[in-house]
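First comes the structure, then the notes that go with it.
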Amino acid sequence: MIKIDIISDAVCPWCYIGKNRLNKAIKNFTDTEFDIYWHPFQLNPEMPQEGIDRQLYLSSKFGGAERANHIYDQIKLAGETSGISFEFDKIHTMPNSLNAHVLIEYSKNIGKQNIIAEELFKLFFIDGKNIGDLNILKEVAKNYSIDIFENKNIKIKKKTEDIVKNSDIVSRSKGISGVPFFIINETYAISGAQENEVFEKVFETCLVNS
Numbered sequence: 018m019i020k021i022d023i024i025s026d027a028v029c030p031w032c033y034i035g036k037n038r039l040n041k042a043i044k045n046f047t048d049t050e051f052d053i054y055w056h057p058f059q060l061n062p063e064m065p066q067e068g069i070d071r072q073l074y075l076s077s078k079f080g081g082a083e084r085a086n087h088i089y090d091q092i093k094l095a096g097e098t099s100g101i102s103f104e105f106d107k108i109h110t111m112p113n114s115l116n117a118h119v120l121i122e123y124s125k126n127i128g129k130q131n132i133i134a135e136e137l138f139k140l141f142f143i144d145g146k147n148i149g150d151l152n153i154l155k156e157v158a159k160n161y162s163i164d165i166f167e168n169k170n171i172k173i174k175k176k177t178e179d180i181v182k183n184s185d186i187v188s189r190s191k192g193i194s195g196v197p198f199f200i201i202n203e204t205y206a207i208s209g210a211q212e213n214e215v216f217e218k219v220f221e222t223c224l225v226n227s
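FYI, our numbering numbers position 207 of the sequence shown as 224, with every residue one higher than the one before it.
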């Protein structure tokens, strides 16, 4: 058994790339069981609840549209080599990712974190959907019989929000300042969307030391 903790944000393209590279590495260890947990990290914790125009966000974050386009061209290329066809032009709103994290966190209770994280990545980066929109998140939740966003569960949602925010604080207190960040067997740390060979070497080390 190899345990993997993934610190990630659903609106981070490198986190999506890192997930695909991790998956590729895992597929090469068919005789090994993996236990994967997702932990929240908001890249933009001060983002307005309704999000902001993506072009405005990129220009302010990267110092102009030209530089932003250059950076995202590189991300798109990295995505293609990792099996992801990013559709950045479809994205009009940069979301607040808090409620997306609430859904991922709550889905841990039914063992669906991996599949829901994957679905949110696809909705945002492939379909261009605003995954900060509660109506969109409710549809995702409904597909897995999750009712965290229903009015009857306001207290549970608030409790889950508190868990998400506290988890983010804990990660930052440990020196994690960017995502994706992977912790393998609570011992080995991998920062960034490393190639699958990096994950494989760590897996091999874990198995030798087990």
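Glycine is no exception: its CB is placed at the ideal position from the N, C-alpha and C atoms.
Kindly indicate which residue of the options has the alpha-carbon position closest to the one of residue i.
i	options	result
Val-215	Met-18, Ile-43, Ala-27 and Asp-22	Ile-43
Pro-65	Leu-115, Ile-171, Ser-77 and Lys-191	Leu-115
Phe-58	Val-157, Tyr-89, Ser-190 and Phe-46	Ser-190
Ile-108	Val-219, Ile-69, Ala-95 and Asn-126	Ile-69
Gly-96	Val-119, Ile-143 and Ile-171	Ile-143
With distances taken between CB atoms, is the gap from residue i to residue j smaller than 9 Å?
i	j	result
Ser-184	Glu-83	no
Val-28	Leu-75	no
Ile-153	Asn-147	yes
Ile-201	Lys-20	yes
Is there at least one non-hydrogen atom of the ligand SAM closer than 8 Å to the beta-carbon of residue i?
i	result
Tyr-205	Questions concerning the ligand SAM fall outside what the structure shown contains, since it holds no ligand whatsoever.
What is the rounded straight-line gap between the Cα of residue i and the Cα of residue j?
i	j	result
Arg-38	Asn-213	5 Å
Lys-129	Val-187	23 Å
Ile-180	Thr-222	32 Å
Ala-210	Lys-175	31 Å
Asp-106	Gly-145	8 Å
Ile-133	Ala-117	9 Å
Lys-139	Lys-36	12 Å
Tell me where the alpha helix (DSSP H) around residue i begins and ends.
i	result
Lys-93	82-98
Ile-186	171-190
Gln-72	71-79
So residue i is in the beta strand (DSSP E); what residue range does that whole segment cover?
i	result
Tyr-54	51-57
Lys-20	19-25
Tyr-239	Nothing can be reported for residue 239, as the shown portion of the chain is limited to 18 through 227.
Phe-198	198-201
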